[in-house]
Structures are given as C-alpha cells and as structure tokens.
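Numbering (full-length UniProt numbering), first residue to last: 1 to 154.
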C-alpha cells in the first residue's frame, strides 16, 4: 500500500470536521465517494471507513477539550465545580462521554491476561490488555511466559 487509504482517512476526517463545525452536519459517504472519484484507493478498507465514523463521532461528542498549559490549574478548578441543577461537574460529564465512546472489553477479549500464570504480571485486574493488542515477546529459553501487561497501539 502506498498509504492512500490512510491518507484518505485523514482527508475525510479533516473535511468532515470542518463541515460539522460550519454546517452542523456531516456526509461521510459522499465525501469518500467524491475523493475516490478523484484518486483511486482513497479509503481502501471497511476498517478505515468505520474508523472515520468512529473518529468523527468521538470528535462531535467530545468537542475541543484542549487547555493551554498555563491555564490547567484554573481550568481544573472550574471543571470540578458542581452545577447545582444537574449535581454534576464538567469533569464528570467528560468522563461519562469518554466511557460512551470507548469500547468495553469482554472477559474473552483478555483471555491471555487472565491466565493464572499471568496474574502476577498484572498490577490491577481491572486494567488488562486485549489479546489482539498484545506485543509478542521472544524468550531466550523458550520456556518462559511471553506475556507482558502492555498493548500495542496502532
């Protein structure tokens, strides 16, 4: 691959976020179709197409959460203030949103981490890497466990 699929994802996300801000709507399907009519292989796989939807959903739900470093202290103070009408705070609402856009792992997704021989390698049994993201470790003797509580990020 020459990277056209990944580049296409980036372009579509950029165009759609601008459109969402400007017009209050997005049209991912037609944007991808238009890009493909101009250049072959823009957004090559279903996985890339789904990723575009996920990224735009997350951006639209979460909004701009950037805080200038010089203002972190005051922003944190403001974010923790309770709204008397909702009995919630901005930081609690952001966390709820994060939980909405983060996929939930099932026990079977983390079966290797849950093997008895790997329990001692997990600091917390609530934070486990999914099997599909585990790095493959090569051991010198070939006998030792090749498990590490870590996840590869793509």
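Don't be surprised by glycine CBs; every beta carbon is placed ideally from N, CA and C.
Taking only three categories from DSSP, how would you classify residue 88?
Looking up residue 88 in the chain shown gives position 88. Of the three classes helix, strand and coil, the one that applies to residue 88 here is strand, per DSSP.
Please list the segments of the alpha helix (DSSP H) lying wholly inside the UniProt domain "Tyrosine-protein phosphatase" (1 to 59), counting only runs of 4 or more residues, in order along the chain.
4 to 23, 28 to 38
Let's test the definition: count the other Cβ atoms within 10 Å of the Cβ of residue 16 and tell me whether it reaches 16, buried, or not, exposed.
By one-based count along the chain shown, residue 16 stands at place 16. Flag for residue 16 reads buried.
Here's the rule I'm using: 16 or more other beta-carbon atoms within 10 Å means buried, otherwise exposed. How should residue 8 be labelled?
As a position in the chain shown, residue 8 is number 8, starting the count at 1. Result: buried.
Do residue 42 and residue 32 have their C-beta atoms closer together than 8 angstroms?
Numbered from 1 along the chain shown, position 42 holds the residue referred to as residue 42. Numbered from 1 along the chain shown, position 32 holds the residue referred to as residue 32. In contact: residue 42 and residue 32 (Cβ atoms closer than 8 angstroms).
In its own chain, which residues sit with a C-beta less than 8 angstroms from the C-beta of residue 123, not counting the 5 before and 5 after it?
Here residue 123 refers to the residue found at position 123 when the chain shown is read from its first residue. The answer, listed in chain order, is 149.
Considering only the beta carbon of each residue, do residue 60 and residue 20 sit closer than 8 angstroms?
Position 60 of the chain shown, counted from the start, is the residue given in the question as residue 60. Position 20 of the chain shown, counted from the start, is the residue given in the question as residue 20. It is a contact, given that the beta carbons lie within the stated cut-off.
Where do the ends of the alpha helix (DSSP H) carrying residue 77 lie?
Stepping through the chain shown from its first residue, residue 77 is reached at position 77. Its alpha helix (DSSP H) spans residues 72 to 79.
Tell me whether residue 109 sits in a helix, a strand or coil according to DSSP, three-state version.
The residue given as residue 109 occupies position 109 in the chain shown. Correct three-state label for residue 109: helix.
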